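*Asks:* Structure provided below as structure tokens; questions to follow.
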Amino acid sequence: MKDLITLKRQASKSKRKIWPKVLIGLLLVLVLLVGSFIYSLFNAAKALMSLPAQDFNPVASHLMPSYEQLIFQPVGSDLQLNGWFFQANKEIAFRGNVIFIHDTRSNKLEFGLDSAKLFSCFINKGFNVLAFDQRHCGQSQGEASTYGYAEYRDVQAAMSACYRASGRKNFILYGVGSGVTASLLAWEALPDLPSEAALAEAKDPDALLSRDDVKGFIFDTPASSAYDYIRLDISDYNFLQKNFYRRYIPDIIRISASGPERVNLIPLLGHIEVPIMITRNLPDTLLNQATTDTFITECVRLKSETSYVAEIPQAGHLQGFILDQEKYLSDLGDFLDLYYSSANSPEA
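Position 1 of the sequence shown, counted from 1, bears residue number 454 in our numbering, the numbering being contiguous throughout.
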């Protein structure tokens, strides 16, 4: 009887010793699974940012209006960015500088060889144009695209380069796709006016940029969230992609770019006092239509007197100009003539 009791006690002690080991084992497995998941998220984000950009057509340089090539660098970076500066028709009164900001992994010729017609439209209306390749795109350097979260610095650098080339400010920021994010973040990062300290330290105070130098925006296919452009490139074919990748990868890209924390772009509209033109395909075949609907509704509500909405009633994504150049350029011309007539131009 005593032997039986002893055996039971020993078995009970053995079980008590085993359970901690089992729990530790389960915890280790859980830690490994979580670690593997996080690793896969970061790898997927890195792969997304490193996707190759669209090939640049070298023949295009011979088919564009006359331009000056500009090489410039974002502040605090050694990346060399490549831009083409098109000077306005000198026979027409100067009306402003247009900074053309392409979509992720595209290049300064967002609309291919037809971009020449778009640039000529501005040139012949008295606008300088700087079309440039963002980092990791076209003829510029860089190893990753971050959907505007680092590229907003490229936009500011382009504005400075345009000023150096023209001696004038008065910018219209023209963003296409994720270029909308880059343009809005660039504007938000600018000071309302240069500080006295900055003016005192600057070698060329006139070159300092501020929000006051931005006189308008043109948005081709805006989204209410900066993350909507990132999610366009994230598949949702399986449970992991649909429920985790699409949720967390945008945050990883933003953090890796050391960019602003802003995700929702709508609140910025309430602080912008200059004219905004919005154009898009209707319906959009890739971007959730609701996100652009929200952007347009809020823009018109907040800026009823300085909002101009022009839609191309053909299915596509960022293809409004390609599908109906006549309407696109006509709408663009109407917007420019309405808000930037030579009589009302900043330099008139």
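Heads up, the beta-carbon is just placed ideally off N, CA and C, and yes, glycines get one too. It should be emphasised that the depicted structure is a prediction, and the values quoted were computed from it without experimental measurement.
Which same chain residues, not among the five before or five after Pro703, have their C-beta less than 6 Å away from its C-beta?
*Replies:* Contacts found: Tyr680 and Ile683.
*Asks:* Could you check what DSSP says for Ile719 in three-state terms: helix, strand or coil?
*Replies:* In the structure shown, Ile719 sits in a helix (DSSP, three-state: H, G or I).
*Asks:* Which residues share a DSSP beta bridge with Asp673?
*Replies:* Answer by DSSP bridge pairing, in chain order: Val629 and Thr732.
*Asks:* Measuring only the C-alpha atoms, how far is Glu654 from Asn542?
*Replies:* Looking at the two C-alpha atoms, the distance is approximately 35 Å.
*Asks:* Have a look at Gly669 and Ser678 and give me their C-alpha separation to the nearest angstrom.
*Replies:* Distance between the alpha carbons of Gly669 and Ser678: 20 Å.
*Asks:* Which runs of the alpha helix (DSSP H), 4 residues or longer, sit entirely within the stretch 730-791?
*Replies:* Fully enclosed alpha helix (DSSP H) runs of 4 or longer: 742-755 and 773-776.
*Asks:* Using the three-state DSSP reduction, which class does Asn550 fall into: helix, strand or coil?
*Replies:* Reduced to three states, the DSSP call for Asn550 is strand.
*Asks:* Taking the Cβ atom as the reference point for each residue, do Gly601 and Leu638 lie within a distance shorter than 8 Å?
*Replies:* Closer than 8 Å, so yes.
*Asks:* Mind checking Gly773: buried by the 16 CB within 10 Å criterion, or exposed?
*Replies:* It counts as buried.
*Asks:* With distance defined between alpha-carbon atoms, name the residue in Asn577, Asn550 and Phe495 nearest to Gly786.
*Replies:* Considering only alpha carbons, the answer is Asn577.
*Asks:* For Ala614, does the three-state DSSP call read helix, strand or coil?
*Replies:* In this structure, Ala614 counts as helix in the three-state DSSP scheme.
*Asks:* Note down the Cα distance separating Pro728 from Gly632, rounded to an integer number of angstroms.
*Replies:* Roughly 17 Å separates the two Cα atoms.
*Asks:* How would you write the range of the alpha helix (DSSP H) that Leu652 sits in, first residue to last?
*Replies:* Counting along the chain, the alpha helix (DSSP H) containing Leu652 begins and ends at Glu649 to Glu654.
*Asks:* If you pair each beta-carbon of the stretch 701-717 with each one of the stretch 759-767, do three or more pairs fall below 8 Å?
*Replies:* Counting Cβ pairs under 8 Å, fewer than three are found: no touch.
*Asks:* Is Asp508 buried or exposed, if buried means 16 or more other CB atoms sit within 10 Å of its CB?
*Replies:* Asp508 comes out exposed.
*Asks:* Can you tell me whether DSSP reads Ile725 as helix, strand or coil?
*Replies:* If DSSP states are grouped into helix, strand and coil, Ile725 belongs with coil.
*Asks:* Is Ile545 near Leu583, with beta carbons less than 8 Å apart?
*Replies:* No, they are not a contact pair.
*Asks:* Of the residues Gln540, Phe547 and Phe572, which one's Cα is nearest the Cα of Ile554?
*Replies:* If we check each option's Cα against that of Ile554, Phe572 comes out closest.
*Asks:* Beta-carbon separation of Asp689 and Arg699 under 8 Å?
*Replies:* For Asp689 and Arg699, yes; Cβs fall inside 8 Å.
*Asks:* For Ile576, report the span of its alpha helix (DSSP H) as first-last.
*Replies:* Ser568 to Ile576 is the span of the alpha helix (DSSP H), which, as asked, contains Ile576.
*Asks:* Roughly how many angstroms lie between the CA atoms of Pro473 and Phe692, to the nearest whole one?
*Replies:* Going from the Cα of Pro473 to the Cα of Phe692 covers about 33 Å.
*Asks:* Could you check what DSSP says for Gln533 in three-state terms: helix, strand or coil?
*Replies:* The answer is coil: DSSP assigns Gln533 none of H, G, I, E or B.
*Asks:* When the Cα atoms are used, what is the spatial distance from Lys756 to Lys656?
*Replies:* Answer to the nearest angstrom: the Cα atoms are 37 Å apart.
*Asks:* Taking DSSP as the reference, what is the three-state secondary structure of Phe692?
*Replies:* Looking at Phe692 - three-state DSSP - the assignment turns out to be helix.
*Asks:* Using only the alpha-carbon positions, how far apart do Lys570 and Gln778 sit?
*Replies:* Answer to the nearest angstrom: the Cα atoms are 9 Å apart.
*Asks:* In the structure shown, what three-state DSSP assignment does Phe539 receive?
*Replies:* Residue state, collapsed to three classes: strand.
*Asks:* Whole angstroms is fine: what's the gap from Thr759's alpha carbon to Val753's?
*Replies:* For Thr759 and Val753, the distance between alpha carbons rounds to 8 Å.
*Asks:* Could you give the DSSP three-state label for Leu460: helix, strand or coil?
*Replies:* Confidence at Leu460 is low in this model, with a pLDDT of 48, below 50, so the placement of that residue is unreliable and no value is reported for it.
*Asks:* Quick check on the burial criterion: 16 or more other C-beta atoms within 10 angstroms. Buried or exposed for Asp737?
*Replies:* Buried.
*Asks:* Measuring alpha carbon to alpha carbon, tell me which residue in Ser648, Leu652, His589 and Phe585 is nearest Tyr627.
*Replies:* Here the closest residue by C-alpha is Phe585.
*Asks:* Return the CA-CA distance between Asp407 and Ser489, expressed in angstroms with no decimal places.
*Replies:* A query on residue 407 cannot be resolved here, the shown segment of the chain reaching from 454 to 801 and no further.
*Asks:* Assuming Thr747 contacts Ile775 under a Cβ cut-off of 8 Å, what Cβ separation, rounded to an integer in Å, is found between them?
*Replies:* Incorrect: roughly 25 Å between the Cβ atoms, too far for contact.
*Asks:* Quick check on the burial criterion: 16 or more other C-beta atoms within 10 angstroms. Buried or exposed for Glu563?
*Replies:* Answer is buried; the Cβ neighbour count reaches 16.
*Asks:* Is Arg733 near Thr750, with beta carbons less than 8 Å apart?
*Replies:* No, they are not a contact pair.
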